[in-house]
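Residue numbers (this note's numbering), protein chains in the order written: chain A, 1 to 153; chain B, 1 to 153; chain C, 1 to 153. From the three backbone atoms N, C-alpha and C, an ideal C-beta is built for every residue, glycine too. Okay, structure first, notes after.
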Amino acid sequence: MSRADAAGPLRQAQAVVRARTSGPGFYDVTRKVQQHLATMGAGSGVLTLFIRHTSASLVVQENADPTVQADLVDALDGLAPANRRWRHADEGPDDMPAHVKSMLTQTSLAIPVFTGHLQLGTWQAIYVAEHRSAPHEREVALAWIGTIIDNSG
Amino acid sequence: MSRADAAGPLRQAQAVVRARTSGPGFYDVTRKVQQHLATMGAGSGVLTLFIRHTSASLVVQENADPTVQADLVDALDGLAPANRRWRHADEGPDDMPAHVKSMLTQTSLAIPVFTGHLQLGTWQAIYVAEHRSAPHEREVALAWIGTIIDNSG
Amino acid sequence: MSRADAAGPLRQAQAVVRARTSGPGFYDVTRKVQQHLATMGAGSGVLTLFIRHTSASLVVQENADPTVQADLVDALDGLAPANRRWRHADEGPDDMPAHVKSMLTQTSLAIPVFTGHLQLGTWQAIYVAEHRSAPHEREVALAWIGTIIDNSG
């Protein structure tokens, strides 16, 4: 039932993934994350992802049908409508709804990794969910805790 | 204020918890998770839980009164109604609401463990929240990072 | 792109942060969390935060403008109204909405730490979100996995 690999002591490594966004939507960063794991020499352990913003967030969702992401954006719009009277309005009508949408989704994720592979389900991808209208460059801090496969030899 | 045990170097171990579901609701997996910790010989560290699905999710909630879970299911139904016009409808009317409910709850959890014990509060339990109508077998990947108590001696 | 420090093997340490609350709102615990990291001698790794309650939760949000937090409280009230007919009502009209708000926000957070510093974005703070009306003392379990800087020499 349980399994462990024999690749020696645990170590930590960190990196940053950047995503350029152009309006509300879901931006798939799965491949970039996997590339960082490979660069780090990640073996088995846990990858932590943390988005360093409060008007964009992290979501693991289905990657098979792009209409799923369009519906998720609509659902968030319904839960945090732009036309409500918000106290905090001086950064634009899309700012406070973006904070609400960020609060209702994820700031951090922790994903098990086994022998270098993210333990995502078949249809799962990792998305930066952008909630602002203007283009942004978003930063996701990655922190690896696990075994390291030394590729330097 | 802070505390550490002296059980030696950190190690990692992984396992999978499976939950059979029969329609929307909360399925308590706390005991299964604890059994895996015991099997792994978990001492002190952090247990990561990650559900490998996008129409079911993880929730830590009250286990004292089962009407709490029934109310939580109703609340999620209100936030993601099945009778809305969703673009993504070819997997059935309960599919897209299930993705929304999954997005609004948790895909991953990280729970501190001290000397083998999950640091849950008195009334907290770990649930797989099923959002689909048909029966499913759901997989939750567990990843342990912490000290290991060797029971083999 | 990726970085690791050379401070030796990974270790774990745990602590508890307490927050006294006086009604619904966001209570900033960032400084207390940072103090615990310093006391633990935390170098680089991941800090896990886990709130041991089901009617209060964790949120990372903007700390610049306090009206943001007031709007977030209002948004949560709209999503889980106190005047709905809840099955679970014997702990008061604010109890079941508090469980819903807790479910829609976070029970656990994982935050990367590099050379002792939480990798929060410029405007991010860590909040205990209180959802009950009566005053409470809330407990957040902290678990450190990472390098430890020995200050004892």
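Test: residue i CB closer than 7 angstroms to a CB of chain A
i: residue 114 of chain B; result: no
i: residue 14 of chain C; result: no
i: residue 137 of chain C; result: no
i: residue 120 of chain B; result: no
i: residue 33 of chain B; result: no
i: residue 105 of chain B; result: no
i: residue 128 of chain C; result: no
i: residue 72 of chain C; result: yes
i: residue 18 of chain B; result: no
i: residue 123 of chain B; result: no
i: residue 88 of chain B; result: yes
i: residue 29 of chain B; result: no
i: residue 99 of chain B; result: yes
i: residue 149 of chain C; result: no
Below-7 angstroms beta-carbon distance, residue i vs any chain B residue
i: residue 141 of chain A; result: no
i: residue 52 of chain C; result: yes
Cβ-Cβ distance between residue i and residue j below 7 angstroms
i: residue 42 of chain A; j: residue 113 of chain A; result: yes
i: residue 110 of chain A; j: residue 48 of chain B; result: yes
i: residue 38 of chain B; j: residue 27 of chain B; result: no
i: residue 93 of chain B; j: residue 75 of chain B; result: no
i: residue 30 of chain C; j: residue 145 of chain C; result: no
i: residue 51 of chain B; j: residue 105 of chain B; result: no
i: residue 55 of chain A; j: residue 102 of chain A; result: yes
i: residue 141 of chain A; j: residue 16 of chain A; result: yes
i: residue 124 of chain C; j: residue 60 of chain C; result: yes
i: residue 10 of chain C; j: residue 10 of chain A; result: yes
Contact list for residue i against chain E, beta-carbon separation under 8 angstroms
i: residue 145 of chain C; result: Given the protein chain composition of this structure (A, B and C), no chain E is represented.
Any chain C beta carbon closer than 7 angstroms to residue i
i: residue 75 of chain B; result: yes
i: residue 65 of chain B; result: yes
i: residue 1 of chain B; result: Annotation note: pLDDT 43 at residue 1 of chain B (below 50); position unreliable, coordinate value reported separately. Yes - at least one Cβ of chain C is within 7 angstroms of the one on residue 1 of chain B.
i: residue 110 of chain B; result: yes
i: residue 91 of chain B; result: no
i: residue 59 of chain A; result: no
i: residue 68 of chain B; result: yes
i: residue 26 of chain A; result: no
i: residue 117 of chain A; result: no
Assumed close pair residue i, residue j - CB separation to whole angstroms, cut-off 8 angstroms
i: residue 129 of chain A; j: residue 58 of chain A; result: 7 angstroms
i: residue 136 of chain A; j: residue 98 of chain A; result: The pair is not a contact, with the Cβ atoms about 10 angstroms apart (cut-off 8 angstroms).
i: residue 190 of chain A; j: residue 121 of chain C; result: Given that chain A is displayed from residue 1 to residue 153, the structure contains no residue 190 of chain A and the question cannot be resolved.
Contacting residues, own chain, Cβ-Cβ under 6 angstroms from residue i (five flanking each side not counted)
i: residue 143 of chain B; result: 14 and 48
i: residue 96 of chain A; result: 86 and 88
i: residue 40 of chain B; result: 13 and 144
i: residue 23 of chain A; result: 133
i: residue 62 of chain C; result: 68 and 123
i: residue 77 of chain B; result: none
Proximal residues to residue i (C-beta, below 7 angstroms), its chain only, five neighbours per side dropped
i: residue 8 of chain A; result: 147
i: residue 36 of chain B; result: 15, 17 and 142
Sequence-distant residues of its chain with Cβ nearer than 8 angstroms to residue i (five each side left out)
i: residue 64 of chain C; result: 123
i: residue 149 of chain A; result: 7, 41, 42, 43 and 116
Can we say the region 56-75 of chain A touches the region 86-95 of chain B, given the rule of at least three CB pairs closer than 8 angstroms?
-> yes
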